[in-house]
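Read through the structure below, which is laid out as structure tokens, and then see the notes.
Protein chains: 2
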Amino acid sequence: MENIKRVEPRTLSGFMELLPQDQIKFNEMLDIIKKTYELYGFLPEETPIIESSEVLLAKAGGETEKQIYSFRKGDKDLSLRFDLTVPLAKYVAQYYNDLTFPYRRYQIGKVFRGERAQKGRYREFYQCDIDIIGDGKLSIINDAEIPSVIYTTFKNLGFDNFIIKINNRKILNGLFDELNISQKKTEILIIIDKLEKIGMEAVKEELRKLELSNGIINKIEEFFKIDGTTDEKLEKLEQLGFNSYIFKEGLQELKEVVKYVRLFNVEEKNFTVDLTIARGLDYYTGTVYETNLVGYESIGSICSGGRYENLASYYTKKNLPGVGISIGLTRLFYNLKELGLLNTTKKSISKVGIIPMGSEFEEAVNISNLLRENNIPNEIYKEDSKIKNKFSYANNLEIPYVIIIGQEEKEKGMFTIKNMITGDQNMLSASDILKILK
Amino acid sequence: MENIKRVEPRTLSGFMELLPQDQIKFNEMLDIIKKTYELYGFLPEETPIIESSEVLLAKAGGETEKQIYSFRKGDKDLSLRFDLTVPLAKYVAQYYNDLTFPYRRYQIGKVFRGERAQKGRYREFYQCDIDIIGDGKLSIINDAEIPSVIYTTFKNLGFDNFIIKINNRKILNGLFDELNISQKKTEILIIIDKLEKIGMEAVKEELRKLELSNGIINKIEEFFKIDGTTDEKLEKLEQLGFNSYIFKEGLQELKEVVKYVRLFNVEEKNFTVDLTIARGLDYYTGTVYETNLVGYESIGSICSGGRYENLASYYTKKNLPGVGISIGLTRLFYNLKELGLLNTTKKSISKVGIIPMGSEFEEAVNISNLLRENNIPNEIYKEDSKIKNKFSYANNLEIPYVIIIGQEEKEKGMFTIKNMITGDQNMLSASDILKILK
């Protein structure tokens with residue numbers, strides 16, 4: 273062979289690449305999420321990874337814009353999508369006349385952010401989004417269906433101990449309204465967002481820097497200290513006796529959401545009202561959600577979202593309110609693995625490995641065809657190799673069953689099947705083997 | 273609302289974006305391909321879309337390199353993958369010690385090529401690849417399993433009339449060897465590649481420009497005119513009586529492949545030996561494949577591939593022979609649609625639409641829960657709207673069944689189910705509805 277200048281094969285940092293065992297698990301999780309979303313009738317959507325920068329960055333700015341992968345090709349300014357919400361807005365505005373509203377869609381795909389490299393932060397990662405977009409209006413019951421989707425998704429993924437935190441931005445806005453501090457709401461929300469991390473005393477310290485009076489700060493503290501069961505919290509909010517219209521509207525919505533979340537069979541232990549969550553500063557306008565794994569709060573929310581007034585104002589005059597969530601699967605997968613919570617179960621896709629001892633390939637192909645026709649994933653070990661190597665192959669991949677074909681089997685028209693877990697071994701006819709495997 | 277500078281929502285040319293009905297069909301096809309690959313036990317692999325340019329372009333050059341989306345981010349030269357073979361080579365070299373050989377993997381994902389915009393050519397498109405990589409050696413029976421995968425995949429996709437063309441590059445190399453024209457083989461193969469398009473006379477005309485003698489040209493013509501059944505072609509190749517070692521080896525391999533392709537139950541009408549196919553100039557070294565839809569040859573091969581001597585020579589000294597194929601699903605989908613061959617069947621994922629006539633939302637949620645627990649995709653129409661609009665929603669999405677809940681149903685604890693195709697309508701209990709839908 274000619275002289276080849278070799279390059280070290282490597283994967284960029286911040287990009288996930290898995291070995292087969294983990295990839296099988298990752299795909300199983302993707303598949304469960306997709307199937308659960310489809311159980312609720314969400315339609316599949318797929319938008320391009322590359323979009324015109326002008327379209328993709330119509331709204332972006334600040335930190336987000338810095339992270340975006342942008343480049344020129346020919347005379348075009350292009351960017352890689354950094355979330356699935358902007359493409360959704362583009363899609364709904366672009367195909368408005370072809371869609372049926374409420375438009376319920378899911379999109380599962382990779383998005384790209386050139387963030388500073390950091391443990392558990394990825395530059396290319398999966399988002400698994402659902403959104404319900406109304407044409408002009410959208411019933412509050414949709415806001416209650418979303419926690420049901422979250423609940424069913426995580427139950428189907430095998431989780432039991434998670435909590436969906438629900439709040440309503442109108443309640444927060446109403447609080448600021450009531451206290452006449454709306455002009456400082458952005459700064460206050462940024463501080464409140466740290467409550468779980470830094471505690472109430474530190475929050476109050478920071479609030480004082482905003483030149484809020486002690487009376488106001490005490491009111492804020494009183495509000496964010498509201499606790500108890502979900503119903504007790506709702507009751508205490510009522511008892512605040514606020515006159516703010518937006519507050520009353522928010523509380524009414526939250527009550528409706530709680531009522532229907534229960535009807536949707538979400539268990540009481542898996543959801544709560546949490547007045548501290550706000551989810552960003554200017555996008556969400558009503559219901560907001562976060563989801564935590566109980567005992568692993570430090571990994572942050574594993575599924576978040578909320579209600580927005582207007583999805584696509586940068587692309588269309590149409591008023592398109594919506595509600596949606598996103599699961600960041602790449603990051604969740606990383607965290608589960610780090611925490612030892614990833615139950616990888618399979619190293620092979622094949623349920624059966626077929627091993628000809630010598631050159632019994634015709635028999636091997638025949639039984640392989642039969643199994644495949646019966647939807648049983650299988651493969652033939654075809655290499656000319658020592659018996660030991662043939663079995664190592666099946667062992668390494670932890671293939672559950674092995675079918676062995678030697679001279680005796682060939683002569684008798686039978687097959688020896690070995691259960692690789694129990695070690696049980698029997699010489700059987702093809703049809704009996706089918707019965708065992710089905 | 274503040275003044276917003278609106279951007280026209282649009283998708284770049286050369287990028288596929290589908291409406292829900294087509295997206296459902298596209299995803300069904302993706303899913304069938306994936307499931308078929310898995311029936312043969314191929315392991316899932318997923319490599320990043322963005323790689324270091326140095327790694328991705330280790331081998332590239334010429335036309336390919338010009339098409340690649342490359343850009344800088346920070347101090348890094350990055351590129352988007354342009355196929356799934358280079359990432360496979362990188363992956364196998366990088367994780368060599370963690371993989372079990374033969375390493376059988378599939379990868380289904382988008383690749384990117386900044387080609388000149390052209391009808392049916394995409395800049396972002398799906399490839400669905402399988403490859404089997406040996407460690408040092410790889411049995412020829414693998415070359416026969418590949419057409420079986422192609423066959424099963426296209427049968428499962430609903431095709432009947434396709435033909436898998438099989439050749440062996442060693443036979444072509446042997447021909448050139450035998451005729452002592454090996455130094456011109458690249459030019460000759462480029463010409464032969466046009467045979468189907470331009471015909472034998474034009475091919476001979478072009479061969480003359482290479483200053484080949486009439487005797488040689490006649491020999492070439494004789495070779496490429498070999499016809500008949502698969503067995504007749506193999507017999508005629510034998511009868512040529514060539515002494516070239518490489519020719520004999522290629523013919524022996526082709527016979528083995530044909531023998532096992534038949535054992536793998538590939539129907540005679542779905543494969544053939546085609547001596548004219550060569551698949552590129554320097555990559556494939558043995559068996560090669562192309563697949564045509566009979567009657568639609570003009571759309572080109574819908575699944576191609578072959579055997580290569582050494583997958584990863586740019587990354588490792590290890591000798592890694594392999595055999596594989598790729599289906600370009602985006603392009604195939606476009607062509608099927610253009611040809612009117614796309615049988616889109618569904619406009620909704622939901623099998624059932626639940627319509628409360630008034631505010632019977634509790635009953636709606638209850639029956640929705642029950643259906644979902646029984647794995648029946650369904651959705652509730654939740655908007656406060658005219659009855660007419662509620663039914664238009666279900667009609668537009670062609671949801672097969674509608675469950676109607678009005679005052680009467682509520683009082684009786686029953687549900688009216690309507691088959692939207694036949695128009696049949698019955699008021700039934702929840703459990704009877706389940707029976708109908710299951």
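Chains as they are written, first to last, in our numbering: chain A, 273 to 710; chain B, 273 to 710. We treat Cβ as the ideally placed atom computed from N, Cα and C, and that holds for glycine. Here the structure is a predicted model, which means the values were calculated and not measured.
Run down chain A in chain order and give the residues with a C-beta less than 7 Å from the C-beta of residue i.
i: Lys654 (chain B); result: Ser411, Ile413, Asn414
i: Phe287 (chain B); result: Pro320, Ile322
i: Asn299 (chain B); result: Pro316
In chain B, which residues lie less than 8 Å from residue i when you measure between Cβ atoms?
i: Pro281 (chain A); result: Val327, Ala361, Lys362, Tyr363, Ala365, Gln366, Ala584, Tyr587, Thr588
i: Gly596 (chain A); result: Chain B residues near Gly596 (chain A): none, gap ~15 Å exceeds 8 Å.
Determine the extent of the beta strand (DSSP E) in which residue i is found, giving its start and end residues.
i: Tyr580 (chain B); result: 576–580
i: Pro713 (chain B); result: In the structure displayed, chain B extends from 273 to 710; residue 713 (chain B) sits before or after that span and is not available.
i: Gln399 (chain A); result: 396–405
i: Ile436 (chain B); result: 434–440
i: Thr424 (chain A); result: Taken as a continuous stretch (DSSP letters only), Thr424 (chain A) belongs to no beta strand (DSSP E), being part of the alpha helix (DSSP H) at 413–428.
i: Val545 (chain B); result: 543–545
i: Gln697 (chain A); result: 697–700
Who does residue i pair with in a DSSP beta bridge?
i: Arg344 (chain B); result: B:Asp349
i: Asn486 (chain B); result: Paired residues: none, contrary to the question.
i: Pro316 (chain A); result: A:Tyr378
i: Ile676 (chain B); result: B:Ile627, B:Thr688
i: Gly594 (chain B); result: B:Ile405, B:Tyr580
i: Phe384 (chain A); result: A:Glu396
i: Gln390 (chain B); result: B:Arg393
Could you tell me whether the Cβ of residue i comes closer than 8 Å to any Cβ of chain A?
i: Tyr665 (chain B); result: yes
i: Ala702 (chain B); result: no
i: Arg353 (chain B); result: no
i: Gln455 (chain B); result: no
i: Gly695 (chain B); result: no
Are any of the Cβ atoms in chain B nearer than 8 Å to that of residue i?
i: Met273 (chain A); result: Legend: pLDDT at Met273 (chain A) = 48, less than 50; position of this residue unreliable, value from coordinates given subsequently. It does: the Cβ of Met273 (chain A) has a partner Cβ on chain B nearer than 8 Å.
i: Ser324 (chain A); result: yes
i: Phe343 (chain A); result: yes
i: Tyr561 (chain A); result: no
i: Asp401 (chain A); result: no
i: Thr319 (chain A); result: yes
i: Lys391 (chain A); result: no
i: Glu396 (chain A); result: yes
i: Pro374 (chain A); result: yes
Find the residues of chain B that neighbour residue i, judging by a C-beta separation of less than 7 Å, and give them in chain order.
i: Ile240 (chain A); result: Because chain A spans 273 through 710 in this model, residue 240 (chain A) falls outside it and cannot be assessed.
i: Glu634 (chain A); result: Leu535
i: Tyr580 (chain A); result: Those within 7 Å of Tyr580 (chain A) in chain B number zero; the least Cβ separation is about 13 Å.
i: Ala330 (chain A); result: Val279
i: Lys707 (chain A); result: Those within 7 Å of Lys707 (chain A) in chain B number zero; the least Cβ separation is about 19 Å.
i: Lys382 (chain A); result: Ile321
Which residues bound the alpha helix (DSSP H) around residue i?
i: Leu479 (chain B); result: 467–481
i: Phe605 (chain A); result: 601–610
i: Met301 (chain A); result: 292–311
i: Asn667 (chain B); result: 659–668
i: Thr458 (chain B); result: 457–464
List the residues of chain A whose Cβ lies closer than 9 Å to the Cβ of residue i, in chain order.
i: Asp712 (chain B); result: Since the first and last residues shown for chain B are 273 and 710, residue 712 (chain B) lies out of range.
i: Tyr606 (chain B); result: Result: empty, since nearest Cβ-Cβ is about 14 Å, beyond 9 Å.
i: Asn691 (chain B); result: Result: empty, since nearest Cβ-Cβ is about 18 Å, beyond 9 Å.
i: Asn650 (chain B); result: Leu311, Tyr312, Gly313
Under 8 Å Cβ-Cβ, which residues of chain A neighbour residue i?
i: Glu539 (chain B); result: Correct list: empty, because the minimum Cβ distance to chain A is about 13 Å.
i: Ile532 (chain B); result: Note that residue 532 (chain B) is Tyr in the sequence shown, not Ile. Chain A residues near Tyr532 (chain B): Phe633, Val637.
Taking only heavy atoms of the ligand FMN into account, decide whether any of them is closer than 7 Å to the Cβ of residue i.
i: Asn607 (chain B); result: Of the ligands one can find in the structure shown there are none, so the ligand FMN has no counterpart to examine.
Specify whether the stretch 624–639 of chain B and the stretch 421–441 of chain B touch according to this definition: at least 3 beta carbon pairs, one from each stretch, less than 8 Å apart.
no
Can we say the stretch 350–358 of chain B touches the stretch 288–308 of chain B, given the rule of at least three CB pairs closer than 8 Å?
no
Is there contact here, the stretch 488–498 of chain B with the stretch 439–453 of chain B, by at least three beta-carbon pairs under 8 Å?
yes
Can you find at least 3 beta carbon pairs, one from the stretch 545–553 of chain B and one from the stretch 454–472 of chain B, that sit closer than 8 Å?
yes
Pairing CB atoms from the stretch 275–282 of chain B with CB atoms from the stretch 361–371 of chain A, are three or more of them under 8 Å?
yes
Cβ contact (3+ pairs, closer than 8 Å) linking the stretch 393–410 of chain A and the stretch 593–611 of chain A:
yes
Would the stretch 532–547 of chain B and the stretch 407–424 of chain B be scored as touching if the rule is three or more Cβ pairs under 8 Å?
yes
For the pair the stretch 651–664 of chain B and the stretch 401–418 of chain A, tell me if three or more CB-CB distances fall below 8 Å.
yes
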